[in-house]
Amino acid sequence: LLFKQEKIAVKIIYKLNKKLQTMKLPIKDKKFLFLLFAITIVISLEVLSIIGIHIPMPYAPFVFAIFIIGIGYNVLWNGVKAIFKLQFSSINLLMTIAVIGAFYLGEYPEAAVVIVLYVLGERLEDIGIENSKSALDELVSKAPKTAFVKTENTNVAIDKIAVGTIIQVKAGEMIPLDGKIISGETMVDEAAITGEPIAKDKQIGDNLFAGTLNKNGFIEMETTKLSVDTTFSKIIRLTFEAQGNKSETQKFIQKFSKYYTPSIIAMAILVFVIPVFVLQLDLNHWLQQAITLLVIACPCALVISTPVAIYAAIGNASAKGALVKGGKYIEALASIKAIALDKTRTITFGNPIVSDIFPLNGTSREELLACTAGAEIFSEHPLAQAIVDASKKEGFEPHKAEAFKSIMGKGATAKCLVCEDETIYVGKLEFIKEHQPTDNEAEKIVEQLSSQGKTSVVVSFGDGVAGIIGLMDEIKPDSAAALKEIEVMNIEPVMLTGDSEKAANYVAEQVGIKKIFGNMLPENKADKIKELLQEYKFVAMVGDGINDAPALAQSTVGIAMGAAGSDTAIETANIALMNDKLSLIPFLIRLSQKTLRRIKFNTIGAIAVKIIFITLAFVGYSNLVFAIAADVGVTLIVILTSLNLMKFENKIAIAQ
750 LLFKQEKIAV
760 KIIYKLNKKL
770 QTMKLPIKDK
780 KFLFLLFAIT
790 IVISLEVLSI
800 IGIHIPMPYA
810 PFVFAIFIIG
820 IGYNVLWNGV
830 KAIFKLQFSS
840 INLLMTIAVI
850 GAFYLGEYPE
860 AAVVIVLYVL
870 GERLEDIGIE
880 NSKSALDELV
890 SKAPKTAFVK
900 TENTNVAIDK
910 IAVGTIIQVK
920 AGEMIPLDGK
930 IISGETMVDE
940 AAITGEPIAK
950 DKQIGDNLFA
960 GTLNKNGFIE
970 METTKLSVDT
980 TFSKIIRLTF
990 EAQGNKSETQ
1000 KFIQKFSKYY
1010 TPSIIAMAIL
1020 VFVIPVFVLQ
1030 LDLNHWLQQA
1040 ITLLVIACPC
1050 ALVISTPVAI
1060 YAAIGNASAK
1070 GALVKGGKYI
1080 EALASIKAIA
1090 LDKTRTITFG
1100 NPIVSDIFPL
1110 NGTSREELLA
1120 CTAGAEIFSE
1130 HPLAQAIVDA
1140 SKKEGFEPHK
1150 AEAFKSIMGK
1160 GATAKCLVCE
1170 DETIYVGKLE
1180 FIKEHQPTDN
1190 EAEKIVEQLS
1200 SQGKTSVVVS
1210 FGDGVAGIIG
1220 LMDEIKPDSA
1230 AALKEIEVMN
1240 IEPVMLTGDS
1250 EKAANYVAEQ
1260 VGIKKIFGNM
1270 LPENKADKIK
1280 ELLQEYKFVA
1290 MVGDGINDAP
1300 ALAQSTVGIA
1310 MGAAGSDTAI
1320 ETANIALMND
1330 KLSLIPFLIR
1340 LSQKTLRRIK
1350 FNTIGAIAVK
1360 IIFITLAFVG
1370 YSNLVFAIAA
1380 DVGVTLIVIL
1390 TSLNLMKFEN
1400 KIAIAQ
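Residue 750 is where the sequence shown starts when you use this note's numbering, and the numbers rise one by one after that.
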């Protein structure tokens, strides 16, 4: 049975080694590779000792001492210092006593297994966060340290380049700084920022981010940020800082360890002292039981059960385009009972599109769109540009026009050069009434569009109303499905928007939200979050990170949408979605719930095994070798199952 346990442990070590090699760990880290090699050797020597093959004396103590000191010198040194400082809460002290005791009993392989396993556990605490930033680290090493400055006609270090500098980027080169294209066009791979695998077309005026790849075009760009302020730099810095934001479970285990270690030491003393000095039983047998208790009680699996799972989850989220600022936010997401969402730029794109076209009084659809677009092409208003885009999309070239005049808050006029020099009036119904007669049909259409939360643009060509164009904020294609997933998880979606009640109700109806609050200022949203917290206790807030900042800060977890390009979003929110996808939110919730279940399983399993062997030690039936085998198995199972969270996929939880 013991041999079987050790065989299983060796297999687990082998699988762990293979798994770690596929996870972009720092393979060049010679110390880490040596640690894995040492564990394999020590476990092999332990197996050989079980079947009766031992390193002959007097060489055995020296061979295993090399492993113990070479791998665990920091642990032993800290343990010795803890003895002199009387720091009985130190786990290093517990480890040192266990190793010295095992060595005293001549259990040299067991002493070596204990120390190398514990050191592996400590090292693996950093694996998750290293994986979450491994892609970033790779890009940091590849990212250009210089940029070609046009005015200097040479490469300049990026930390010396000021905002507003014109730099040139060739095809195949990394974008060195944040900026805007001023010449040329290309495709840019933004996977490092957004997690999106498909490259985006970029033209003059489009934003570029440092750390992204210029695929196929020569461009000139004007820098908009210093190297230390780029979105890419902020992501790297915040990913590193995420390690400091420990989850509540991590904090509990750390606090628990302070009491756990002295308690175990006290129990071991009792297991030895009472049978030997009170009951006059065999000294070596009960010393072995006490040391076995110390060995099995070493909290390797317990200590790493949470951090490895948390950081593996953070790494997975980063790969999907979600920047999570710490383990406590992964853990908090699992408890969310309600999600408050802003409308504009969260559920919708924040860009108006033409939704309805009503030609009136004999006007054709083409004439209405083309003539209106001819006037609106002079305007920079988003509604005007939406009408121009709609006309071109339907294949209608905007009519040529002149004498454009904008009337603030009302509309605009222009002279159409195609429609017999007719005057075009475009704007609100009240504006048209000032210049042309209107009828009941036009007023009914405007009222109908208004009831749906849409904006009406009334058009006249000089004699009555030629038609009405309805516009609305474009809903993101994944919004309805994402919100349905959220409801399936028994989480209540709530809309908080500064837009009108009518506009809010229309969008809410399209995506399936039942609780809607419109006409809300930023401070109103923050107050509403307080109310929701009283009702649901755990509430997430999703917004664009600018006007939603107070509500994001007030919520249990603040989630910023479309954080790429928004400094405020990255700084304010606890989680920043770099790719603007609402569908990432249900994925993150499922990932957090899976992570929490994994942590509970790991923790309960680790504690259960320890309780069993501590009990066996008290009654005198524990076995050091068997205890080591169990500890090896539990620790490595905890590691493997936790690292498996890196593979958790964004599968839809509802039927399509």
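We put the CB at the ideal spot given by N, CA and C, even for glycine.
Every value quoted in this text rests on a predicted model; they were computed, and no experiment measured them.
- A residue is called buried when at least 16 other Cβ atoms come within 10 angstroms of its Cβ; MET1269 meets this threshold and is buried.
- LEU1331 sits in coil when the DSSP states are folded into three classes, being neither helix nor strand.
- The criterion of a C-beta distance shorter than 9 Å is not satisfied by PRO1242 and GLY1213.
- Taking each of ARG1347, LYS1343, VAL1383, ARG1339 in turn and checking the Cα distance to VAL1358, the smallest one comes out for VAL1383.
- For VAL977, the closest alpha carbon among the candidates ILE818, ILE910, ALA1087 is that of ILE910.
- The beta carbon of THR900 lies closer than 8 Å to those of THR914, ILE915 in the same chain, with the five residues before and after it left out.
- Out of LYS1396, THR1390, ILE1173, GLN1283, the CA that lies nearest to the CA of VAL1208 is found in ILE1173.
- PHE1266 places its beta carbon 9 Å or farther from that of LEU1340.
- Going by C-alpha positions, SER798 is about 40 Å away from LYS1343.
- The alpha carbon of LEU1117 has as its nearest neighbour, out of ALA1061, GLU1223, VAL1175, LEU785, the alpha carbon of VAL1175.
- Sequence-distant Cβ neighbours of GLN1201 in its own chain, meaning closer than 6 Å and more than five residues away, are TYR1255.
- Residue burial annotation: TRP1035 is buried, with at least 16 other C-beta atoms found within 10 angstroms of its C-beta.
- Contact annotation: LEU962 and ALA948 have beta-carbon atoms nearer than 9 Å.
- Annotation: the continuous alpha helix (DSSP H) that includes THR845 extends over 840-853.
- Using a Cβ distance threshold of 9 Å, LEU1220 and LYS1203 count as a contacting pair.
- Under the three-state reduction of DSSP output, GLU969 falls in the strand class.
- In this chain, ASN1323 is not harboured by any beta strand (DSSP E), its DSSP state being neither H nor E.
- Contact check for ILE1096 against VAL1288 fails: the beta carbons are separated by 9 Å or more.
- Secondary structure of CYS1168 (DSSP, three-state): coil.
- Taking the Cα positions, ILE1334 is about 14 Å away from ASP1293.
- CA-CA distance, LYS1164 to ALA1124, rounds to 8 Å.
- Per DSSP, the continuous alpha helix (DSSP H) segment holding SER1228 begins and ends at 1228-1237.
- The beta carbon of GLY928 is closer than 6 Å to those of LEU957, MET970, GLU971, THR972, THR973 in its chain, skipping five residues each way along the sequence.
- For SER1205, the secondary structure class from DSSP, reduced to helix, strand or coil, is strand.
- In the structure shown, ASN963 falls within a strand segment according to DSSP collapsed to helix, strand and coil.
- For GLU1236, the closest C-alpha among the options THR979, ALA1062, PHE1026, LYS1086 is that of LYS1086.
- Between ALA1215 and LEU1109, the C-beta spacing is below 9 Å.
- Separation of the CB atoms of SER1391 and ASN1328 is rounded to 26 Å, and the pair is thereby denied contact status at 8 Å.
- Counting only runs of 4+ residues, the alpha helix (DSSP H) found wholly inside the segment 1063-1145 occupies 1076-1082, 1114-1125, 1131-1142, in chain order.
- For a cut-off of 8 Å, the C-beta gap from VAL1260 to ILE1308 is around 17 Å, too long to register as a contact.
- Taking the Cα positions, LEU1030 is about 15 Å away from ILE1018.
- By the neighbour-count definition (other C-beta atoms within 10 Å, threshold 16), PRO807 is an exposed residue.
- In the same chain as ALA1231, and ignoring 5 residues on each side of it, the C-beta atoms closer than 7 Å to its own belong to LEU1331, SER1332, ILE1334, PRO1335, in chain order.
- Cβ-Cβ separation between ALA831 and LEU842: approximately 4 Å, consistent with a contact (criterion under 8 Å).
- As a beta-bridge residue in DSSP terms, SER1155 pairs with ALA1161.
- Where PHE1266 is concerned, the enclosing beta strand (DSSP E) starts and stops at 1264-1266.
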